[in-house]
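Using our numbering, the first residue of the sequence shown is number 62, and each one after it goes up by one. Cβ coordinates follow ideal geometry from the N, Cα and C atoms, glycine included. Below is one structure, written out as structure tokens; comments come after it.
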Amino acid sequence: MSDQRPITIIGGGLAGLTLGIGLRRRGVPVTLCEAGAYPRHRVCGEFISGRGQATLARLGLQERLLAAGARPATTAMFFSESRTSNVKRLPEPALCISRFQLDGLLAFEFRALGGDLIENHRHKQTGAQEGHVRATGRRSQPVDRGWRLFGLKIHAHHIALEADLEMHLTRNGYVGLSRLSEDLVNVCGLFRSRTTQPDLATEWGSWLGGQPGSRLRDRLAKASFVEASFCSVAGIALRPQKALKQDEWCVGDAITMIPPVTGNGMSMAFESAELALEPLHAYSQGRMSWQNAQQQAARRCDEAFARRLTGSSFLQTAVFSPAWRWLLISLVGRWPLVWRLLFKDTR
Ligand SMILES: Cc1cc2nc3c(=O)[nH]c(=O)nc-3n(C[C@H](O)[C@H](O)[C@H](O)COP(=O)(O)OP(=O)(O)OC[C@H]3O[C@@H](n4cnc5c(N)ncnc54)[C@H](O)[C@@H]3O)c2cc1C
62 MSDQRPITII GGGLAGLTLG IGLRRRGVPV TLCEAGAYPR HRVCGEFISG
112 RGQATLARLG LQERLLAAGA RPATTAMFFS ESRTSNVKRL PEPALCISRF
162 QLDGLLAFEF RALGGDLIEN HRHKQTGAQE GHVRATGRRS QPVDRGWRLF
212 GLKIHAHHIA LEADLEMHLT RNGYVGLSRL SEDLVNVCGL FRSRTTQPDL
262 ATEWGSWLGG QPGSRLRDRL AKASFVEASF CSVAGIALRP QKALKQDEWC
312 VGDAITMIPP VTGNGMSMAF ESAELALEPL HAYSQGRMSW QNAQQQAARR
362 CDEAFARRLT GSSFLQTAVF SPAWRWLLIS LVGRWPLVWR LLFKDTR
């Protein structure tokens, strides 16, 4: 029987599960409530880029992911309506794995470490509570500055790519094609619309499929889509938020969401979980008050994420503007330094 104070984590996505695993490795009793069940598909480009990979390695999880078939990505290519970049080498490799596998694998690991995982349980917490950490993902916001942002994801076979990640910037958003295995590609997009889109489950092809004549449309011409992997999410809010401003202890997207174009959201989920570990452990052992521990973790997150949130806000605005899209791809194609700076400043 542990004499450490127990922790409850609300939300079993990447941030919640990573935090649970880290706490269990320190012997902290943890209960984790997840509204859904594993395994399940999630709207995600499934492209892990940034410092979160080091977190996974420190928690002994990277090896497991690689053993489960995670695939390193080393190249990227960018397309707009009128411009195409050359194949760019990623300054640091990314890791690609389906969320169906990843979330399931982390859930298995948490349980194997003695964590108490309650599936199909939507926790009804209404405010800050000592010993409770919120890892419930993005906060929904139906409309932002007149736009409704939504995301779509589906897996597909028979798509030939020129790089491990192809990013296609379209008029209403962007679609990433990332290689998950020799013959499986993640097709995932973020879009914006002035009106609600009630028929995404049937109309996804018109959003993800690109304009007639586009390179995206060409790429998907022979694709065979895995319908069971389709998912969608609406009400996405991308305005940066600060952890110190939240009255609850939050990790992952529950603090703030970074624009998906960076491929850094999962990394932030892993990192924010790791930054919470020491303060939570100290609280659990009675060495720190809940309030001090929460503030320490929040301060660390805000310091770690401020620069990349600013850089990615700029990038997100740029990819929605035709003139900026054109300029971005030209600059990235021609100037290796611009590409490296953009990469560094968004993760
Ligand atoms: C279109 C799109 C593409 C993306 N592409 C990428 C990419 O390529 N690379 C990348 O790194 N990131 C990407 N992201 C971002 C990435 O998916 C998120 O940053 C990441 O999933 C955040 O993890 P999380 O654990 O904070 O939240 P989530 O993974 O959303 O997990 C939250 C969990 O909490 C549960 N939950 C919610 N409320 C409750 C409750 N009351 N009680 C119990 N459980 C609850 C939910 O069921 C869910 O399982 C993308 C996002 C979008 C929208």
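Ser374 has its Cβ no nearer than 8 Å to any heavy atom of ligand 1.
Under the DSSP assignment, Leu238 falls in the beta strand (DSSP E) whose first and last residues are 234–242. Leu251 is a Cβ neighbour of Phe211, given a cutoff of 9 Å. Just measuring C-alpha positions, the residue of Lys214, Glu191, Thr231, Arg278 sitting nearest Ser290 is Lys214. The beta carbon of Cys105 is closer than 6 Å to those of Arg160 in its chain, skipping five residues each way along the sequence.
Per DSSP, Glu153 has no beta bridge partner at all. Gly207 is the residue among Gly274, Gly207, Leu299 whose C-alpha sits nearest the C-alpha of Ser254. One thing to note: Phe381 has its Cβ no nearer than 9 Å to the Cβ of Ser275. In this structure, DSSP gives Trp396 a state outside helix and strand, which the three-state scheme calls coil.
Of the heavy atoms belonging to ligand 1, none sits nearer than 8 Å to the Cβ of Pro203. In the structure shown, Ser285 adopts extended strand secondary structure according to DSSP, grouped into three states. Ser254: member of the beta strand (DSSP E) spanning 245–254, first to last residue. For a cut-off of 8 Å, the C-beta gap from Ser328 to Arg408 is around 7 Å, short enough to register as a contact.
Here the alpha carbons of Leu238 and Val248 stand approximately 5 Å from one another.
Note that the stretch 342–351 does not touch the stretch 317–325; fewer than 3 beta-carbon pairs, one per stretch, sit closer than 8 Å.
Within 10 angstroms of the beta-carbon of Gly372 lie 16 or more other beta-carbons, which makes it buried. By the Cβ test, the stretch 82–93 is in contact with the stretch 170–184, since at least three Cβ pairs between them sit closer than 8 Å. By the C-beta criterion, the stretch 355–362 is judged to be in contact with the stretch 330–343, since at least 3 inter-stretch pairs fall below 8 Å. CA-to-CA, the gap between Leu403 and Gln377 works out to about 12 Å. Excluding five sequence positions before and after Ala96, the CB atoms of its chain that fall closer than 6 Å to its own CB belong to Arg183, given in chain order. Counting along the chain, the unbroken beta strand (DSSP E) around Met228 starts and ends at 226–231. Counting along the chain, no alpha helix (DSSP H) covers Gly212; the unbroken beta strand (DSSP E) around it starts and ends at 209–218. Leu226 and Leu151 have their alpha carbons spaced roughly 10 Å apart. Counting only unbroken stretches of 4 or more residues, no alpha helix (DSSP H) element lies wholly within the stretch 183–210.
Your pair Arg240 and Arg132 checks out as a contact, with CB atoms roughly 7 Å apart and the cut at 8 Å. Annotation: the continuous alpha helix (DSSP H) that includes Val380 extends over 351–380. The three-state reading of DSSP puts Ile179 in strand, counting E and B together.
Ala155 sits away from Val148, with the two beta carbons spaced by 9 Å or more. Excluding its 5 nearest sequence neighbours in each direction, Tyr235 has C-beta neighbours in its own chain below 7 Å: Met228, His229, Gly250, Leu251, Val322, Val380, listed in chain order.
Membership of Arg408 in any beta strand (DSSP E) is not indicated, and neither H nor E is assigned to it by DSSP.
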